[in-house]
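Structure first, then comments.
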Amino acid sequence: MAAPTIEVRPEFAGILRNDETNYVESDASVGNRINGWFDTLLVQSGLGISPTVMMFLSFLGGLVLGGAAFVWQENPLTTAIGACIGFLLPILLVMFLRQRRQTTIMNQLPPMIDELARAAKTGRSIEQCFQLVAADTHAPLGSELQVCARRLELGLPMSEALSELPYRTGVVSTSVLTTALGVHQQTGGDLVRVLERLAITVRDRIQFMGRLRAATAASRYVAFLMLALPPAILAFFTFRDPDYLKNLMDSEWGRWTIISAVILEIVGVIWILRILGKSSQT
Numbered sequence: 090m091a092a093p094t095i096e097v098r099p100e101f102a103g104i105l106r107n108d109e110t111n112y113v114e115s116d117a118s119v120g121n122r123i124n125g126w127f128d129t130l131l132v133q134s135g136l137g138i139s140p141t142v143m144m145f146l147s148f149l150g151g152l153v154l155g156g157a158a159f160v161w162q163e164n165p166l167t168t169a170i171g172a173c174i175g176f177l178l179p180i181l182l183v184m185f186l187r188q189r190r191q192t193t194i195m196n197q198l199p200p201m202i203d204e205l206a207r208a209a210k211t212g213r214s215i216e217q218c219f220q221l222v223a224a225d226t227h228a229p230l231g232s233e234l235q236v237c238a239r240r241l242e243l244g245l246p247m248s249e250a251l252s253e254l255p256y257r258t259g260v261v262s263t264s265v266l267t268t269a270l271g272v273h274q275q276t277g278g279d280l281v282r283v284l285e286r287l288a289i290t291v292r293d294r295i296q297f298m299g300r301l302r303a304a305t306a307a308s309r310y311v312a313f314l315m316l317a318l319p320p321a322i323l324a325f326f327t328f329r330d331p332d333y334l335k336n337l338m339d340s341e342w343g344r345w346t347i348i349s350a351v352i353l354e355i356v357g358v359i360w361i362l363r364i365l366g367k368s369s370q371t
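Mapped onto my numbering, the consecutive letters of the sequence shown carry residue numbers 90 to 371.
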């Protein structure tokens, strides 16, 4: 398949539309950082929905599950717990989809880099090679490469056209690819050898991450069990005795016990997820 010649049209580079985000770079508040994390999560999940739509789905999930809990027990605490679970379920689903998408992209990178190296051996320009590989690569990596190829067609240099690829995928290895292609366009050099070595490096990284996940599988399962056990125990006692939570909340020590348990559970969830997130970065 012959790649069409890319005609650089820099006069159209200014019409690129940015994604809808709630993050403000000049704001260092905790709420703004949460907005930034949420925006990044949606972009890297590849769903193509805006933060506003996602928040609507979360609120809808909280309303449905909280309403079902209220109809079941007519207990304010049970209703609040159901609403929180319903609110978090769509976000947890998006986090799962992002992790699966990143794993797929990571596995697609070595064959894509090999194909890019073979295309470079034919004497085509780096822009033509990139467009050819982007058209031949399957989603989800192919979709992101095609976005970069369209940015190239608008007249952006290679480094700028690929600058958002690491952010949109969340895969560390794509930043190395972006740097290699950008430097080659500016300074030249043996691109084929660089790409072949990069493909080997990415494959070695995939093997290392696989061994790391296998070695830490038991620890990760225990961590998730520790997170799920307190809500499961509470649900068991509530199902066995519908008045269990009501009787517990009627006493002062019971209310403080529930509040302390919820706060510690939230802290534990955030802590464990941060540890697991850093250990599983691709």
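Beta carbons: idealized from backbone N, C-alpha and C, even for Gly.
Beta carbon of residue i nearer than 8 Å to that of residue j
i: A250; j: Q235; result: no
i: L287; j: V265; result: yes
i: A158; j: G171; result: yes
i: M247; j: G271; result: yes
i: V291; j: P199; result: yes
i: L133; j: T258; result: Before going on, a small fix: residue 133 reads as Gln here, not Leu. Yes, these two residues count as a Cβ contact at 8 Å.
i: T268; j: L254; result: no
i: I215; j: H273; result: yes
i: Q155; j: G125; result: The displayed chain sequence assigns Gly, not Gln, to residue 155. No, Cβ-Cβ distance for G155 and G125 is not below 8 Å.
i: L301; j: I361; result: no
i: Q197; j: L230; result: yes
As assigned by DSSP and simplified to three states, the class of residue i
i: A260; result: Going by the sequence as given, residue 260 is Val instead of Ala. Looking at V260 - three-state DSSP - the assignment turns out to be coil, as it is neither helix nor strand.
i: E354; result: helix
i: D332; result: coil
i: L365; result: helix
i: A92; result: Unreliable positioning characterises A92 in this predicted model, as indicated by a pLDDT of 48, which lies under 50. The coordinate reading is nonetheless provided below. Of the three classes helix, strand and coil, the one that applies to A92 here is coil, per DSSP.
i: L149; result: helix
i: E341; result: helix
i: E163; result: coil
i: G125; result: helix
i: T267; result: helix
i: D293; result: helix
i: S349; result: helix
i: S139; result: coil
i: S118; result: coil
i: T305; result: coil
i: G155; result: helix
i: G278; result: coil
i: A102; result: Any reading at A102 needs caution, since the residue's pLDDT is 49, under 50, leaving its predicted position unreliable; the model's value is listed next. A102: helix per DSSP, three-state reduction.
Buried or exposed by the 16-neighbour rule on C-beta atoms within 10 Å, applied to residue i
i: R344; result: exposed
i: P34; result: The structure shown does not extend to residue 34, since the chain is modelled only from 90 to 371, so the question has no answer here.
i: E341; result: exposed
i: A47; result: Absent from the model: residue 47. The displayed extent of the chain is 90 to 371, so no value can be given.
i: Q217; result: buried
i: I202; result: buried
i: Q275; result: exposed
i: R282; result: exposed
i: V160; result: exposed
i: R240; result: buried
i: T327; result: buried
i: I359; result: exposed
i: R190; result: buried
i: I352; result: exposed
i: L323; result: buried
i: L245; result: buried
Given residue i as reference, the closest of the options once Cα atoms are compared
i: L314; options: G357, L254, R363, G120; result: G357
i: T167; options: W126, Y333, I180; result: Y333
i: E242; options: L221, V260, A228, L230; result: L221
i: F219; options: Q162, L178, L284; result: L284
i: D59; options: R363, M195, I355, S248; result: Nothing in the structure corresponds to residue 59, since the chain is present only between 90 and 371.
i: M144; options: G135, L154, L131; result: L131
i: P179; options: M338, A307, V153, G212; result: V153
i: L365; options: A321, D128, Y310, I352; result: Y310
i: L186; options: A324, Q296, L136, A307; result: L136
i: L146; options: L177, H273, H227, I348; result: L177
i: G278; options: Q197, R300, P331, K210; result: K210
i: G299; options: G120, L181, L182, T192; result: T192
i: L127; options: P140, S118, V119; result: The sequence shown places Phe at residue 127, not Leu. Measuring from the Cα of F127, the nearest candidate turns out to be P140.
i: I348; options: G231, A306, A169; result: A169
i: H227; options: E204, A304, L245; result: E204
i: V260; options: A303, P331, E233; result: E233
- Message: Please give me, in chain order, every unbroken run of the alpha helix (DSSP H) with length at least 4 that falls completely inside the segment 175–261.
- Response: 215–225, 230–242, 247–250, 254–258
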